[in-house]
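In the UniProt record's numbering, the protein residues as written are 1 to 227.
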């Protein structure tokens, strides 16, 4: 188990499964090539500065026919908060600064996995909506999860007028009938295998013996006389 924080590995609860805890950055994995049968990553890859490089390193430490299973935050996460803050700052200050971290789209993720060398890819997306009393509760919860914006060029502070305007925009554009506001989290799930000669491969182009046009004839009644 790896973690970039010194505190998290120490807080790990013991289980029946023997584990070794390593303090390491996902962008600089301290493992040899062809070491692991399985690599798991849960909601951390969106914090990497070099996602293509991190995926290449994961591919590198896997054994042939090893599998990578991961989950990360997707591009549409917190779009309500992002839009509300941008509109409020544009109206009150004449411009806006990024206050929500940039995330990866599902299409880009599939392309990056392929470029890293993974085969038999599966990428899926799930949306989770959490409802809050207002925008301040959303931002407080994000701080508690250590998921505040990581944008380097962001403004460190929000003006009071901009926050109040953003709260009004959030409620007006996305508020529910109960007076709460949603915060959407789009989670991207991925599975990729390191190639091996034993894996299934697509047939060569033009090698098919059955045409898709013949599929419609399968359930058609026979015209032959049963007598």
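For every residue, glycine included, the Cβ atom is placed at its ideal position computed from N, Cα and C. Nothing here was measured: the structure is a model prediction, and the numbers come from that model.
Across the structure, residue 80 and residue 40 are spaced so that their CA atoms are roughly 30 angstroms apart. Judged by DSSP secondary structure, residue 161 falls within the alpha helix (DSSP H) whose first and last residues are 160-174.
Comparing alpha-carbon positions, the option among 123, 200 and 104 lying closest to residue 192 turns out to be 123. Using a Cβ-Cβ distance cut-off of 8 angstroms, the region 72-91 and the region 176-196 are in contact, since at least three pairs of beta carbons, one from each stretch, lie closer than that value.
Secondary structure remark: continuous beta strand (DSSP E) runs of at least 3 residues inside the UniProt domain "Methyltransferase type 11" (16-69), in chain order: 36-42.
For the options 167, 166 and 104, the alpha carbon positioned closest to that of residue 45 is the one of 104. Counting along the chain, no alpha helix (DSSP H) covers residue 146, and no H or E run does either. DSSP places residue 119 in the uninterrupted beta strand (DSSP E) bounded by 119-132. When C-alpha distances from residue 114 are compared across 58, 169, 91 and 158, the shortest belongs to 58. Sequence-distant partners of residue 175 (beyond 5 residues in either direction) whose C-beta falls short of 7 angstroms from its own C-beta, in its chain, are 181. Around the beta carbon of residue 17, a 10 Å sphere encloses fewer than 16 other beta carbons of the protein chains shown; the residue is thus reported as exposed. Within the same chain, 48, 49, 50, 53, 54 and 57 come within 8 angstroms of residue 27 by CB-CB distance, once the 5 residues on both sides are set aside.
Here DSSP, grouped into helix, strand and coil, assigns residue 107 to helix. Secondary structure note for residue 81: its alpha helix (DSSP H) is the uninterrupted segment 79-93. When secondary structure is reduced to three states using DSSP, residue 138 falls in the helix class. In the structure shown, the three-state DSSP call for residue 74 is strand. Burial check for residue 194: the Cβ neighbour count within 10 Å reaches 16 or more, so the residue is buried.
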